[in-house]
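Peer 1: One structure, pasted below without further comment.
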């Protein structure tokens with residue numbers, strides 16, 4: 006079996022740590038692993054029971070690397086993506102930097118993994134936005150059979166979507182409240198402990214945020230469905246991990262709950278909760294699969310379905326999807 | 006000025022305590038105040054700087070009472086509502102027991118307070134569901150001008166919507182987590198601390214819950230708009246107080262953001278947050294007004310508007326609305 010030289014950029018971040026763990030756990034054919042971070046702080050990460058030092062990112066970081074998984078934000082991706090490609094590397098980028106560039110495949114392997122074949126290295130492959138990936142994991146199989154026209158979605162997004170600093174902010178605000186101290190805000194513009202914040206991302210002139218626009222823009226590209234419409238409200242909630250989305254979807258074809266459930270049951274990477282069962286973020290944290298429940302005939306649309314989908318946004322919403330892309334690449 | 010003998014049933018509950026406080030603060034013309042609870046536990050409540058004992062509810066509790074405000078749940082309301090009416094009392098009931106009975110007015114004073122005139126005591130007046138009242142505080146003024154056809158709404162409901170025991174459950178789960186103890190569940194079927202629960206109320210055969218149905222059923226009655234359609238997902242979130250609702254609404258008339266804001270600004274009891282400002286539950290807790298923000302042209306509907314509305318569900322969603330009904334009754 007072929008083995009590969011792999012680099013992880015942003016290895017000490019919330020997503021990067023999951024990438025390292027998943028490569029280990031899923032036995033990705035790693036020949037060598039290079040861990041990189043923007044700031045070199047002497048940390049190490051465990052991989053195959055060895056401690057691997059995290060190196061400082063520089064222009065030479067991608068020499069001899071076959072596959073680099075980037076989880077370091079858009080600015081770093083824009084700067085070092087081309088550097089890595091020039092060094093002969095295939096970059097799988099978790100940021101939004103390249104997602105809507107026409108020449109860059111934007112991939113959820115269960116949906117459009119075929120775009121990865123044949124593997125024409127070097128190049129950039131984009132990993133979708135977390136809320137988009139999780140929503141599409143339920144929507145795609147329904148779309149294939151019933152043709153979705155538009156969705157209205159409201160999200161319940163965990164603080165780890167903002168990285169380790171989001172987790173720390175929730176922790177420290179909870180502790181401050183317990184001790185009767187003043188609550189400090191550094192990451193979010195409002196208190197997140199015991200609160201919800203109806204604004205994720207940057208506000209655009211349309212009144213939507215860039216985060217809210219991703220579901221439509223990326224959804225169109227991933228599903229190859231240019232007329233897909235998504236009206237989204239993204240809300241941060243005081244949950245550590247796993248994003249939830251309440252979705253109301255309209256379809257071209259007649260849909261009913263039984264047929265929808267039949268369809269969802271066959272979707273790879275998705276677990277269906279039926280009857281009075283439904284998923285919550287705590288149950289789904291740490292799970293590879295996305296979970297869908299509260300499946301019901303919608304009453305606002307003739308061919309409408311409402312459902313609730315939850316996914317670990319560090320896994321299927323980020324690290325797992327990136328590793329699955331890498332796995333798809335090396336499967337010949 | 007006339008004064009009235011007033012009774013508060015459920016005086017020691019989360020809503021009842023707010024009713025007592027509001028009657029005091031708003032100088033309701035109280036001649037005598039009788040505080041009642043199902044269980045008599047020797048507690049007192051402060052009113053006009055006097056401690057008033059809470060009495061045990063019995064068949065004779067409503068003798069000589071003019072107005073009784075009930076916040077004790079549907080079963081108690083069904084049992085003691087008729088008793089109070091027979092004793093010559095006007096009952097303002099916070100439960101869902103009588104809301105959709107044709108002969109019972111269901112009132113948000115800013116919307117249909119005219120139903121209360123002339124005051125034909127005795128009788129029952131129903132106070133709407135909290136999420137319904139808060140949503141309609143923003144929707145009504147838009148409906149008057151643009152005629153709403155259907156809405157899709159997702160809620161973010163605070164634990165005090167389940168009464169004091171909801172607050173206690175969140176508190177004790179947070180404390181258990183901080184101390185590394187096991188997390189116990191008594192009120193909610195899933196952990197609520199650091200989680201969200203996409204199920205409020207009882208599941209119906211339709212797949213919606215009775216809580217989700219209230220927005221359509223009660224909205225139709227309050228707005229006198231029998232064809233109004235509401236597709237709702239109700240979600241409990243780890244917030245102490247104030248419910249939030251993400252609403253996407255379709256209208257008959259052409260709507261734009263400027264006209265919508267103009268309209269919302271004139272709505273009584275509503276504060277409009279514009280531009281990058283938006284309300285969060287913590288900001289709105291303890292406030293009489295409901296707050297609306299994130300007002301934007303929706304993209305799923307031609308004449309669509311999306312917005313985010315937050316209200317203190319113990320106040321406008323319950324106690325304040327009940328006291329406003331009482332105020333409307335005595336205003337001749």
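Chains as they are written, first to last, in this note's numbering: chain A, 6 to 337; chain B, 6 to 337. Note that the Cβ used here is the ideal one computed from N, Cα and C, for glycine as well.
#1: Run through the DSSP bridge pairs and tell me what residue 10 of chain B is partnered with.
#2: Classify residue 91 of chain B as buried or exposed, calling it buried when 16 or more other Cβ atoms lie within 10 Å of its own Cβ.
#3: Using 8 Å as the limit for Cβ to Cβ distance, is residue 212 of chain A near chain B?
#4: Excluding five sequence neighbours on each side, which residues of the same chain lie with their C-beta closer than 7 Å to the C-beta of residue 227 of chain B?
#5: Tell me whether residue 275 of chain A sits in a helix, a strand or coil according to DSSP, three-state version.
#6: Among the candidates B:45, B:99, B:78, whose CA atom is the shortest distance from the CA of residue 329 of chain B?
#7: Three Cβ pairs or more, each shorter than 8 Å: is that satisfied between the segment 275 to 292 of chain A and the segment 313 to 326 of chain A?
#8: May I ask which residues mark the beginning and end of the beta strand (DSSP E) holding residue 247 of chain B?
#9: Closer than 8 Å by beta-carbon distance: list the chain B residues that pair up with residue 285 of chain A, in chain order.
#10: Between the segment 307 to 320 of chain A and chain B, which residues of the former have a C-beta closer than 7 Å to a C-beta of the latter?
#11: Measuring only the C-alpha atoms, how far is residue 331 of chain A from residue 275 of chain A?
#12: Is residue 159 of chain B helix, strand or coil by DSSP?
#13: Against residue 251 of chain B, what residues of chain A qualify as contacts under a CB-to-CB distance less than 8 Å, listed in chain order?
#14: In chain A, what lies closer than 8 Å to residue 183 of chain B by C-beta?
#15: Please classify residue 50 of chain B: does DSSP put it in a helix, a strand, or coil?
#16: In terms of DSSP beta bridges, what is residue 311 of chain B paired with?
#17: With a Cβ-Cβ cutoff of 8 Å, do residue 302 of chain B and residue 262 of chain B count as a contact?
#18: Hey, could you find the ends of the alpha helix (DSSP H) residue 218 of chain A is sitting in?
#19: Starting from residue 55 of chain A, follow the beta strand (DSSP E) in both directions and report where the run begins and ends.
#20: Could you check if residue 231 of chain A is buried or exposed, using at least 16 other CB atoms within 10 Å of its CB as the buried criterion?
#21: I think residue 253 of chain A touches residue 203 of chain A, with their Cβ atoms under 8 Å apart; what is that distance to the nearest whole Å?
#22: Report the option in B:95, B:265, B:279 whose CA atom is closest to the CA atom of residue 72 of chain B.
#23: Runs of 3 residues minimum, wholly inside the segment 101 to 142 of chain A: which ones carry the beta strand (DSSP E) assignment?
#24: In whole angstroms, what separates the C-alpha of residue 13 of chain A from that of residue 102 of chain A?
#25: Roughly how many angstroms separate the alpha carbons of residue 17 of chain A and residue 59 of chain A, rounded to a whole number?
#26: In the DSSP assignment, find the unbroken beta strand (DSSP E) run with residue 188 of chain B in it and report its ends.
#27: Got a sec: is the Cβ-Cβ distance from residue 281 of chain A to anything in chain B below 8 Å?
#28: Please list, in chain order, the chain B residues whose beta carbon lies closer than 9 Å to that of residue 172 of chain A.
#29: Within 10 Å of its beta-carbon, does residue 53 of chain B have 16 or more other beta-carbons around it, so buried, or fewer, so exposed?
#30: Is DSSP giving residue 209 of chain B helix, strand or coil here?
#31: Applying the 10 Å Cβ sphere with the 16-neighbour rule, what's the burial state of residue 189 of chain B?
#32: Given a threshold of 16 other Cβ atoms within 10 Å of its Cβ, counted over all protein chains shown, does residue 137 of chain B qualify as buried or as exposed?
#33: Taking Cβ positions, are residue 335 of chain B and residue 7 of chain B nearer each other than 8 Å?
#34: Pull up the distance between the alpha-carbon of residue 57 of chain B and that of residue 179 of chain B, whole angstroms please.
#35: Which residue wins for smallest C-alpha separation from residue 83 of chain B, given the options B:45, B:131, B:121, B:122?
#36: Let me see if you follow: with CB-CB separation under 8 Å, is residue 143 of chain A close to chain B or not?
Peer 2: Taking the coordinates as given:
#1: Along the second chain, read from residue 1 onward, the residue named residue 10 of chain B stands at position 5. In DSSP, residue 10 of chain B forms a bridge with B:37.
#2: As a first step, residue 91 of chain B must be located in the second chain, where it is residue number 86. Exposed, because fewer than 16 other Cβ atoms sit within 10 Å of the Cβ of residue 91 of chain B.
#3: By one-based count along the first chain, residue 212 of chain A stands at place 207. With 8 Å as the cut-off, residue 212 of chain A counts as an interface residue toward chain B.
#4: One-based indexing of the second chain puts residue 227 of chain B at position 222. Excluding residues within five positions, the ones whose Cβ falls inside 7 Å are 111, 113, 116, 117, 133, 141.
#5: Counted from its first residue, the first chain places residue 275 of chain A at position 270. It is a strand residue.
#6: Against the second chain, residue 329 of chain B aligns to sequence position 324. The candidate whose alpha carbon is nearest that of residue 329 of chain B is B:99.
#7: yes
#8: Within the second chain, numbered from 1, the residue matching residue 247 of chain B stands at position 242. Looking at the DSSP string, residue 247 of chain B is not in any beta strand (DSSP E), and its letter there is neither H nor E.
#9: By 1-based counting over the first chain, the position of residue 285 of chain A is 280. Those within 8 Å of residue 285 of chain A in chain B are 195, 196, 200, 201, 202, 203.
#10: 311, 313
#11: Numbered from its first residue, the first chain carries residue 331 of chain A at position 326. Numbered from its first residue, the first chain carries residue 275 of chain A at position 270. Each residue's alpha carbon lies about 20 Å from the other.
#12: On the second chain, position 154 is the one that residue 159 of chain B refers to. Correct three-state label for residue 159 of chain B: strand.
#13: The count along the second chain starts at 1 and reaches residue 251 of chain B at position 246. The contacting residues are 159, 203, 238, 240.
#14: Indexing the second chain from 1 puts residue 183 of chain B at position 178. Here the neighbours are 179, 180, 183.
#15: Mapped onto the second chain, residue 50 of chain B falls at position 45. Strand at residue 50 of chain B.
#16: Locating residue 311 of chain B in the second chain gives position 306, where the first residue counts as 1. Bridge partners of residue 311 of chain B: B:253, B:301.
#17: Indexing the second chain from 1 puts residue 302 of chain B at position 297. Indexing the second chain from 1 puts residue 262 of chain B at position 257. Yes. Within cutoff.
#18: Taking the first chain and counting its residues from 1, the one referred to as residue 218 of chain A is at position 213. Looking at the DSSP string, the run of the alpha helix (DSSP H) that includes residue 218 of chain A is 215 to 227.
#19: Working through the first chain from its first residue, we reach residue 55 of chain A at position 50. Start and end: 55 to 61.
#20: The sequence position of residue 231 of chain A within the first chain is 226, counting from 1. Classification for residue 231 of chain A: exposed.
#21: Along the first chain, one-based indexing puts residue 253 of chain A at 248. Along the first chain, one-based indexing puts residue 203 of chain A at 198. The pair is not a contact, with the Cβ atoms about 18 Å apart (cut-off 8 Å).
#22: By 1-based counting over the second chain, the position of residue 72 of chain B is 67. Checking every option, the nearest Cα to that of residue 72 of chain B belongs to B:95.
#23: 128 to 131
#24: Taking the first chain and counting its residues from 1, one reaches residue 13 of chain A at position 8. Taking the first chain and counting its residues from 1, one reaches residue 102 of chain A at position 97. Looking at the two C-alpha atoms, the distance is approximately 17 Å.
#25: Counting from 1 along the first chain, the entry for residue 17 of chain A is found at position 12. Counting from 1 along the first chain, the entry for residue 59 of chain A is found at position 54. If I take the Cα positions, the gap works out to 8 Å.
#26: Numbered from 1 along the second chain, position 183 holds the residue referred to as residue 188 of chain B. Residue 188 of chain B -> no beta strand (DSSP E), and no H or E assigned at all.
#27: Taking the first chain and counting its residues from 1, the one referred to as residue 281 of chain A is at position 276. Interface residue, yes.
#28: The residue labelled residue 172 of chain A in the question sits at position 167 within the first chain. What residue 172 of chain A touches in chain B: nothing, since even the nearest Cβ is about 11 Å away.
#29: Stepping through the second chain from its first residue, residue 53 of chain B is reached at position 48. It counts as exposed.
#30: Counting from one through the second chain, the residue named residue 209 of chain B turns up at place 204. Coil, per DSSP.
#31: As a position in the second chain, residue 189 of chain B is number 184, starting the count at 1. By the neighbour-count rule (16 or more Cβ atoms within 10 Å), residue 189 of chain B is not buried but exposed.
#32: By 1-based counting over the second chain, the position of residue 137 of chain B is 132. With 16 or more Cβ atoms within 10 Å of its Cβ, residue 137 of chain B is classed as buried.
#33: What you label residue 335 of chain B is simply residue 330 of the second chain in a count that begins at 1. What you label residue 7 of chain B is simply residue 2 of the second chain in a count that begins at 1. Closer than 8 Å, so yes.
#34: Start at 1 with the first residue of the second chain, and residue 57 of chain B comes out as number 52. Start at 1 with the first residue of the second chain, and residue 179 of chain B comes out as number 174. Approximately 34 Å, taken between the alpha carbons.
#35: Within the second chain, the letter at position 78 stands for residue 83 of chain B. The residue with the shortest Cα to Cα distance from residue 83 of chain B is B:131.
#36: Within the first chain, residue 143 of chain A is the residue found at index 138, counting from 1. It does not; no Cβ of chain B falls within 8 Å.
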